[in-house]
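In the UniProt record's numbering, the protein residues as written are 1 to 519. Each residue gets a CB set at the ideal place from its N, CA and C atoms; glycine is no exception. This one's a predicted model, so the numbers in the text were calculated from it and none came from an experiment. See below for the structure under consideration.
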């Protein structure tokens, strides 16, 4: 999408790659020229369609995520207009053309004039629509499910921001859904208008041609914007990338419809009113760049990224070596894969099963904070994985978990349960006085790819998280004493018949991190 000062003189060149001042500035790029091929299956709405296994370690970014399931725009996230621009002449951005209904955002274009339309600035005959985010963002993954309008008016999803020093733009798509010759063209652009070292506009434009008219159906359009590359996706399949040489400025997210008379032509009366509809916009940031789900004010106090070649014994110890439940804990089932992951393994050795458990007892024990791990869960039945906190004095004294401590199971996962995860609390020992609280939560796609599990432990309660989303909270059995971390695989009938499992099987752990509230 081209911004106002430049649009009036530049529309003629939008259909090609344009470099107004120097051909040498063109970043390296690629665009798909043939069919999509296999399209990924949607397993979880919590992740980008192109990365359902979450290899990118994405976490939801709520300020730019909206399912549009209300009756009006969320005023905390969006303006029903573009505060810095009235629209591309002759169409005028009119807030009355922005509606939310039936679980969708709708942007309409009409043949009409309204009293607010400044005719002395070239606005007449048509009204259109714009929505802009109230916040700025730099880098992330952005996905919409949208159906463009079937008219000569454009349907666009784009990012831009203009300051005296810098003005850049990324166009996820500009679609002329009813313009002859453009019905199947997925137009993608990046623009540089000014930087501290450049003053002349240049752009890079790519087009992928879809097999059917884009206005026929809703499709998922994605943008992965990183410091090294910018990538465009259609229904989860990569269709273009551009080397990120300039687009490092924080930008605002925009939806709009415009008249583009020299590109798509002016709308025909029979096409209007026409509507561009958006079922959702979902945004993610990579975990390293994202805020914690518990908010600001926390600092990292302990972690293990598992970047070495062997287990760091200054942080961990092998726990419970020897028989435990229906298996034997051994050191050999604990390893690092050399790619930044801890690997806990369950395997069969003769007539026995060997498995793994490590803990920080005596090396790191703490009270309160936010605890998080990122894992890829085991694939077989018969054993379960867990990330938990334990007290050295559980049940002593009875009736006083604040002093005695509580077993806090941040997650327990059994493959036979599919997409369900268990959160549990145990206190007052494991005998006749034992007490428990817990829940089981369904998380679509849990059995595939990478996931994060977190616990916020305060003086008053426990709050549990999966993939950055709160799943349970409880004020039962709240411990006020130092406790230690455990990662484990255990074999038992609770998890099913281990004899039916194809072994070896593994729990992969990307990291464990502990944060404390800053004073």
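When beta bridges are read from the DSSP output, residue 318 appears opposite 358. By the Cβ rule, the region 301-317 counts as touching the region 330-347, because three or more pairs are nearer than 8 Å. Rounded to the nearest whole angstrom, the C-alpha separation of residue 495 and residue 299 is 36 Å. A straight line joining the alpha-carbon of residue 307 with that of residue 199 spans about 44 Å.
Proximity to residue 91 across 127, 341, 185 and 180 peaks at 127, based on C-alpha coordinates. The beta carbon of residue 388 lies closer than 7 Å to those of 407, 408, 409, 410 and 486 in the same chain, with the five residues before and after it left out. In the three-state reduction of the DSSP assignment, residue 286 falls in the strand class, which pools E and B. Within the region 257-307, the beta strand (DSSP E) runs of at least 3 residues that lie entirely inside it are, in chain order, 274-286 and 298-304. Between residue 170 and the set 331, 504 and 232, the nearest pair of CA atoms involves 232. Between the region 147-165 and the region 243-259 there are three or more C-beta pairs closer than 8 Å, enough to call the two in contact. Take residue 57, set aside five residues on each side of it, and the residues of its chain with a beta-carbon closer than 6 Å to its own are 286 and 287, in chain order.
Contact annotation: residue 466 and residue 443 have beta-carbon atoms nearer than 8 Å.
For the pair residue 166 and residue 189, the CB atoms are not nearer than the 8 Å cut-off.
Cβ neighbours of residue 417 within its own chain (closer than 8 Å, five residues either side excluded): 440. In the DSSP assignment, residue 439 falls within the unbroken beta strand (DSSP E) covering 435-442.
The beta carbons of residue 404 and residue 391 sit closer together than 8 Å. The three-state reading of DSSP puts residue 331 in helix, counting H, G and I together.
Contact between residue 87 and residue 130 holds: CB atoms are separated by about 7 Å, below the 8 Å threshold. With the rule of 3 Cβ pairs closer than 8 Å, the region 496-503 does not count as touching the region 356-368.
Following the DSSP letters along the chain, one finds residue 209 inside the beta strand (DSSP E) bounded by residues 202-209.
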